[in-house]
Amino acid sequence: MHYNTVIIGAGMSGLSAGVRLAYYEKSVCILERHTTIGGLNSFYRLRKRNYDVGLHAVTNYAAPGTKVGPLSKLLRQLRMKWEDFDLRPQLHSSIAFPDCKLQFTNDFAFFLDQVATFFPAQINGFKKLLAAIDGHDALNLERSSASARGVVQEHISDPLLIDMIFCPLMFYGSATPRDMDFSQFVIMFKSIFCEGFGRPFDGIRLILKRLVKHFKSLGGHLKLRAGVSEIVQRNGEAKAVVLDDGTEITADNVLSSAGAAETMRLVDPGRPAVQPVAGDISFVESISVLDCEPASLGHNETIVFYNDADTFNYERPQDPVDLRSGIICSPNNFDYSRPLEDGRIRITALAEPDYWLQLPEDEYQQLKMKWNDRIIESALRHIPDFRAHVVDTDVFTPRTIRRFTGHDNGCVYGAPEKFVNGQTSVRNLYLCGTDQGFLGIVGAMLSGITIANRYLLK
Amino acid sequence: MTGEEIRQVVLDILERIAPDEDLSGLDDAVAFREQMELDSMDFLDIVMELRKAYRIQIPEEDYHNLNTMATTVSYLTPKLKDVPVAG
């Protein structure tokens, strides 16, 4: 078998790249090790209920018909329609710190007003920061890196406001602890505060299924249960991929969403994962199914980013789970015309990958539930006690993420160092997805599209 | 293809690339970019759609000819005059 391009991974970035290539009549095959599509953002069925994994919300929300912005750009590039994503806007979200809470919606003016109200002395600096964000070309593939905290501190002096701005942006996309690259900060700031959150009524499965249908209708091939165990190269040029079952598929180009370190190990299996370094920011998530809508318990917020410590500590924790901060997401609290099938509360907190990866299986199951209870308890400062209404529970950990994405350490946002131009040391082997560096659901899709456009459609 | 047919081909491509734009009032003498939200990714798509449908190669140094509808049609006319409209 021979293809113009073989894509490793049927996640958002691989599928989007595949759509572009197939649309322009390149022979393309997407290889996915798992039995289902999605990778980091996927879905499953458990005890007769549908679950989403990864996605809390699609960032970069724009109302149907909007002509500018990442979502509109994405739909145009994929030749897909607004209805295909069926995004409904969030209700309202918040950043909750000790003694201070800032709310935001998909209307940026509202957030600006919140900052002016609670940080009147900082509002001029905040506006200068907005000008710096507006003037920064974060999608330039040849960009250089700068400390986001450095740039923000030039404009804002209150450490509380700085931490509150960083909290959602880091939680939703930072592969690096404590600080971010300014370009990543700009991408996240715009996608969360300026554009905001949306979600399809049917969750992430709707977007994934429509992407696959579109890809196949354009003649693309998708193989599930087809893990790549080796990328065969000669003289610095990728020639073929070898699947777990030994099948060899030759290709003119290989595009990998497997991660930078993980991909280079496929080229040279003996290579230790030293250079490039895999990330280690990972999470545990508690998913509670409720017998009622969260709103009926008085919880109307879409997403709450909370931190109860004096400062916000975004880093690999010492403990199995960092209970000081987290994200509470209720998929019910979007602007839907009818209620979801059941109530859901998802609470996500930073986790120590090694602890979860090394536990023996029997202890793992028990400890998942123990930490689930602790996570919920710690979040009760920010949500009414819903525990009496829980009818089912599921938990994912770094171990789950590693199993379903193949990423070292079960890391969620990829390697700390990004490969923004998508190139590797192998001439016709390219990277897309989290390690290329565009973030969020829309970012992941744009990552695949951008790398496909730049190198594979010539 | 006649000039009018080529104009329709380009219009169809623009509609595919930018379905949210209203193209009914498009002024042939004014740059596309001044009338529509087209970025460099969209622009590249015009070139690639033409290649896909009519197998014509447009080298990068010729992209400036695709500035307005009028310049696009006159640039494409010699390339497409003997080519029938694709179904």
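In the order they appear, the protein sequences are chains A and B. Residues in the first sequence are numbered from 12 upward in steps of one, following this note's numbering. Residues in the second sequence are numbered from 6 upward in steps of one, following this note's numbering. The beta carbon of each residue, even a glycine, is placed where N, CA and C say it ideally should be.
7 Å Cβ cut-off: residues of chain B touching residue i
i, result
"residue 464/A", "46 and 49"
Residues that residue i contacts on chain A, provided the C-beta gap is smaller than 9 Å
i, result
"residue 25/B", "75, 76, 77, 78, 83, 86, 87 and 93"
Through-space distance from residue j to residue i, alpha-carbon basis
i, j, result
"residue 50/B", "residue 449/A", "21 Å"
"residue 155/A", "residue 144/A", "15 Å"
"residue 225/A", "residue 84/A", "17 Å"
"residue 180/A", "residue 188/A", "12 Å"
"residue 65/B", "residue 73/B", "16 Å"
"residue 303/A", "residue 398/A", "11 Å"
"residue 103/A", "residue 387/A", "21 Å"
"residue 61/B", "residue 9/B", "18 Å"
"residue 110/A", "residue 394/A", "16 Å"
"residue 306/A", "residue 345/A", "11 Å"
"residue 73/A", "residue 276/A", "39 Å"
"residue 126/A", "residue 134/A", "7 Å"
"residue 246/A", "residue 330/A", "46 Å"
"residue 61/A", "residue 139/A", "44 Å"
"residue 30/A", "residue 227/A", "8 Å"
"residue 118/A", "residue 42/A", "40 Å"
"residue 348/A", "residue 206/A", "21 Å"
"residue 204/A", "residue 281/A", "44 Å"
"residue 419/A", "residue 52/A", "16 Å"
"residue 36/A", "residue 57/B", "8 Å"
"residue 31/B", "residue 41/B", "9 Å"
"residue 377/A", "residue 384/A", "11 Å"
"residue 291/A", "residue 327/A", "7 Å"
"residue 350/A", "residue 47/A", "27 Å"
"residue 370/A", "residue 379/A", "10 Å"
"residue 173/A", "residue 148/A", "22 Å"
"residue 68/B", "residue 23/B", "19 Å"
Neighbouring residues, chain A, relative to residue i (Cβ below 7 Å)
i, result
"residue 22/B", "87"
"residue 42/B", "78 and 79"
Contacts that residue i makes with chain B (C-beta to C-beta distance below 9 Å)
i, result
"residue 468/A", "49 and 53"
"residue 221/A", "Within 9 Å Cβ-Cβ: nothing; residue 221/A doesn't reach chain B, min ~16 Å."
Chain A within 8 Å of residue i, Cβ atoms only
i, result
"residue 86/B", "no"
C-beta neighbour in chain B for residue i, strict 8 Å
i, result
"residue 206/A", "no"
"residue 72/A", "no"
"residue 90/A", "yes"
Practice problem: State whether the segment 153-164 of chain A contacts the segment 184-203 of chain A, with contact taken as three or more CB pairs (one from each stretch) at a distance under 8 Å. | Solution: Counting Cβ pairs under 8 Å, three or more are found: they touch.
Quiz item: Is it a yes or a no for the segment 206-223 of chain A touching the segment 236-243 of chain A, going by three-plus beta-carbon pairs under 8 Å?
Solution: These segments do not touch.
Quiz prompt | Positions along the segment 12-45 of chain A whose CB lies within less than 7 Å of some CB in chain B | solution = Residues 35 and 36.
Self-check item: Three CB pairs or more closer than 8 Å across the segment 352-370 of chain A and the segment 265-282 of chain A
Solution: Below 8 Å, too few C-beta pairs join the segment 352-370 of chain A and the segment 265-282 of chain A to call them touching: fewer than three.
Quiz item: Are three or more beta carbon pairs between the segment 18-30 of chain A and the segment 446-462 of chain A nearer than 8 Å?
Solution: Three or more pairs of CB atoms, one per stretch, sit closer than 8 Å, so the segment 18-30 of chain A contacts the segment 446-462 of chain A.
Quiz prompt | Touch test, the segment 423-430 of chain A against the segment 82-102 of chain A, Cβ-Cβ under 8 Å, three pairs minimum | solution = The segment 423-430 of chain A is not in contact with the segment 82-102 of chain A.
Quiz prompt | Given 8 Å, three or more beta-carbon pairs between the segment 170-178 of chain A and the segment 307-315 of chain A | solution = With the cut-off at 8 Å, the segment 170-178 of chain A and the segment 307-315 of chain A do not touch.
Quiz item: Quick one: any contact between the segment 22-39 of chain B and the segment 71-89 of chain B, if contact means 3 or more CB pairs under 8 Å?
Solution: The segment 22-39 of chain B vs the segment 71-89 of chain B: in contact.
Quiz item: Do the segment 293-302 of chain A and the segment 6-24 of chain B make contact, defined as three or more Cβ pairs closer than 8 Å?
Solution: Contact fails: fewer than three Cβ-Cβ distances are below 8 Å.
Quiz prompt | contact_flag[the segment 361-368 of chain A, the segment 397-416 of chain A] where n(CB pairs < 8 Å) is 3 or more | solution = Yes, since at least three Cβ pairs between the segment 361-368 of chain A and the segment 397-416 of chain A fall closer than 8 Å, the two stretches touch.
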